[in-house]
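Worksheet: the structure to be examined is printed underneath.
Numbering (our numbering), first residue to last: 73 to 173.
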């Protein structure tokens, strides 16, 4: 049970992220869900790198994912800010109905 706790933690974080993406209508909550999925991958990368310390691939991939997630978050927040200024809401259903009009 000692070593598998990290895999269970990663699975829980991944499940929480997917649940947020699938159930929330707020754009920021969906973005948080995507970030949780990225962080669950990072937990796996670092854990499996600890199992095989002679290779640094896990740490390298974790840094790459963190960099990509930071860029994705900055871009997504800029888009969300523009959507809020245009439509005065961050609800996905309201935005899609306003775009159709």
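For each residue, glycine too, the CB sits at the ideal point set by N, CA and C.
What are the boundary residues of the alpha helix (DSSP H) that residue i is part of?
i: residue 128; result: Taken as a continuous stretch (DSSP letters only), residue 128 belongs to no alpha helix (DSSP H), as it is neither H nor E.
i: residue 95; result: 76 to 95
i: residue 163; result: Looking at the DSSP string, residue 163 is not in any alpha helix (DSSP H), and its letter there is neither H nor E.
i: residue 121; result: 99 to 123
Classify residue i: buried if its beta carbon has 16 or more other beta carbons within 10 angstroms, exposed otherwise.
i: residue 103; result: buried
i: residue 82; result: buried
i: residue 80; result: exposed
i: residue 91; result: exposed
i: residue 117; result: buried
Which same chain residues, not among the five before or five after residue i, have their C-beta less than 7 Å away from its C-beta?
i: residue 141; result: 107 and 110
Among residues of its own chain, excluding the 5 on either side of residue i, which ones have a beta-carbon nearer than 8 Å to its beta-carbon?
i: residue 100; result: 152 and 162
Next on the checklist: Across the region 91 to 110 and the region 124 to 133, are there enough close Cβ pairs to call them in contact, namely three or more that are closer than 8 Å?
Outcome noted: no
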